[in-house]
Amino acid sequence: GLPEDIYAGVDSCETAQEIWLRVQQMTKGSDIGIQEKKSKLFNEWERGVGHFARDYTARPRRRDAASLQIQLLIAQKEEAGIQLQAEEYDLMVAAADL
């Protein structure tokens, strides 16, 4: 149900307009709280602190000549419209994950 303070405020009203105005007045402050919370979370994310920013760690990418050569060959085959073999497709997927 409704919180006790809202119920008490609405119960004392005689018309629907009074009820609506009372509810608007009571919930006006909650909009400000939501905006402040969003702003705080965004600022934490920008600075690299907080729950989400702390838990995110980028995995290092493998950048040796062999993996780059394989990626180049796969890209050339895709561009030419050549069907990739299962092994090549698996390598492409693995390279994208690195």
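For any residue, its number in the working numbering is found by taking its place in the sequence shown, counting from 1, and adding 3. Positions of the beta carbon are idealized from the N, C-alpha and C atoms, including for glycine.
Quiz item: Between which two residues does the alpha helix (DSSP H) carrying LEU75 extend?
Solution: Counting from 1 along the sequence shown, the entry for residue 75 is found at position 72. Counting along the chain, the alpha helix (DSSP H) containing LEU75 begins and ends at 68-83.
Practice problem: Return yes when the Cβ of LEU75 is within less than 9 Å of the Cβ of GLU91, no when it is not. | Solution: Within the sequence shown, residue 91 is the residue found at index 88, counting from 1. Within the sequence shown, residue 75 is the residue found at index 72, counting from 1. A distance of 9 Å or more separates the beta carbons of GLU91 and LEU75.
Practice problem: To the nearest angstrom, report how far apart GLN38 and LEU44 are at their CA atoms. | Solution: For the purposes of this step, residue 38 is taken as the residue at position 35 of the sequence shown. For the purposes of this step, residue 44 is taken as the residue at position 41 of the sequence shown. When rounded, the distance between both Cα atoms is 10 Å.
Exercise. From the DSSP output, in three-state form, read off GLN38 for me.
Key: Translated into positions along the sequence shown, residue 38 becomes position 35. DSSP places GLN38 in helix when its eight states are reduced to three.
Quiz item: Going by Cα to Cα distance, which pick from LYS41, ILE9, ALA69 and THR18 is closest to VAL26?
Solution: For the purposes of this step, residue 26 is taken as residue 23 along the sequence shown, with counting starting at 1. Out of LYS41, ILE9, ALA69 and THR18, ILE9 has the C-alpha closest to the C-alpha of VAL26.
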